[in-house]
Amino acid sequence: MIVSLILTLKNEADSLPRLLDSIAAQTRAPDEIVICDGGSTDATLKILRDCTARLPLVIVQENGANISRGRNLAIRAARGDIICSTDAGVRLAPNWLAEIVAPFERGADVVSGFFLPDPHTAFETALAATTLPARAEIRAEKFLPSSRSVAFRKDAWQIVGGYPEWLDYCEDLIFDFALREKNFRFVFAPNAIVYFRPRATVRAFFKQYYHYARGDGKANLWLVRHVIRYSTYLIALPLALALTWGAPVFGFGILLLGFFLFTFRPYTRLFSLWQPHARAEKFRALAWVPILRVIGDVAKMLGYPVGVVWRIRAKIFVDRNIVES
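Mapping of the sequence shown onto my numbering: residues 678 to 1002, in sequence order.
Below is the structure:
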C-alpha cells in the first residue's frame, strides 16, 4: 500500500513551516507528499524547495488553479493507491497519518478524519466555539469529512471524476456526496486529528463565510438551512421586536429564549476551550460569541444569493449553447 499525502496552497509562507514540521513528525511517514501551488508570489515555493532534502516532496505548479483543480492535479501526479488530503494553514497530530490510513487495511474506501481548533487569541477561541463542532456532536454515520482531514482510495476518486473544478468553495462536500452516491464505504477515524487555526480577524471570518455560502448557492446545497436563516432574521426577529411594544414581558421572553437557543451550543463549546485564557480574555470571548454568530449569518445571507445567481446564469449559458448546437 503506497500512501500519498496531497494538498494545494497559495501564498502560505507564514503557516507552511508549521505544517511541514508536523508532517516530518508523523509516526507513520507518507511515501510521498504532492503539493500543488496555485501561483504563490511570496516565499512559499522557496520553503517547499528547501524541504525537499528532508521530505519526499513533489511540487506541481499551475497558476490560477482553484482548490478543486489543485487537489485534482496533485492526486493525478501521485503514485499512491491511498490518497490522504489536508490543507495549508493546519498542523497534523503526530499520529494523524497512521490513524487515517489504518482503516484501509480493514476494507475502508474513505476515511473521515477529524479536526480541532487551534486558537491563539480570545477572538479565535470564540470563533472556534461559534463555528467548529465538538467531537461529541458528531454522528459518525452522517459525518461528511472536510478535505483538511480525509483519505480515500485513488480509484474511488477516479470513479467519481475527482473534485468538481467548477466549484471554488464547498467542493469537498460535493466530492463527499459523489462518493456516498457510489456506495463507497466510509469509516470515521476520530483520532486522526488536524489542528485548524480559526481566522484571526472579523474581516477574514466574514470573507470566509461569504465564500462558503456563495459555494452553497453555486452547488445548490442546504437550501432549507438558508431559508430558515432568512426567515429568522427577516420575519421572526422583527415580529419578536414588535411584540416588545404591545406585550413587553412576552416579547422580551421570546427574545431571551431566542438568544439562549442562538448561543447555547457555542457557549457550551467555549467553556471547554477557554481554560488557557486570563479572566479578561474569557469575558472578551463571551462577548464575541453572539457578535460572531450574527456576522457569520450576515455573511451567509449575502453570499448565498450571489451563488444562486451564478448557478442560474451558468444554467442559462449551458442551455443556450445546447440549443445553438
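Think of the CB as a built atom: it goes at the ideal place given N, C-alpha and C, for glycine as much as any other residue.
Asked	Found
With three or more beta-carbon pairs closer than 8 Å as the criterion, would you say the stretch 895–910 touches the stretch 821–828?	no
Quick one: is isoleucine 700 buried, meaning 16 or more other Cβ sit within 10 Å of its Cβ, or exposed?	buried
If you pair each beta-carbon of the stretch 734–753 with each one of the stretch 709–717, do three or more pairs fall below 8 Å?	yes
For leucine 693, which residues of its own chain have a beta-carbon under 8 Å away from its beta-carbon, when the five flanking residues on both sides are left out?	Leu686, Thr721, Ile724, Leu725, Ala765
Per the contact definition of three or more C-beta pairs closer than 8 Å, is the stretch 766–786 in contact with the stretch 846–865?	yes
Along the chain, where does the beta strand (DSSP E) containing alanine 866 start, and where does it finish?	863–873
Which runs of the beta strand (DSSP E), 3 residues or longer, sit entirely within the stretch 700–775?	709–714, 734–738, 759–762, 767–769
Where does leucine 850 fall in DSSP's three states?	helix
Which residues does DSSP pair with alanine 855 in a beta bridge?	Looking at the DSSP assignment, alanine 855 forms no beta bridge with any residue, so it has no partner.
Cα separation between aspartate 845 and isoleucine 912?	31 Å
Can you check which of these residues, Glu848, Asp795, Ala706, is closest to cysteine 761 by C-alpha distance?	Ala706
Between valine 871 and leucine 769, which are expected to be in contact by the criterion C-beta below 8 Å, what is the C-beta distance as a whole number of angstroms?	6 Å
Using the rule of at least 16 other Cβ atoms within 10 Å of the residue's Cβ for burial, across every protein chain shown, is alanine 957 buried or exposed?	exposed
What's the C-alpha gap between alanine 919 and proline 875?	36 Å
Do you know whose CA, among Leu950, Arg857, Lys831, Ala896, lies nearest aspartate 795's CA?	Leu950
To which residues of the same chain is phenylalanine 852 closer than 6 Å at the C-beta, ignoring the five residues directly before and after it?	Tyr840
Kindly list the residues whose CB is nearer than 7 Å to the CB of alanine 991, restricted to its own chain and excluding five residues on each side of it in sequence; keep chain order.	none
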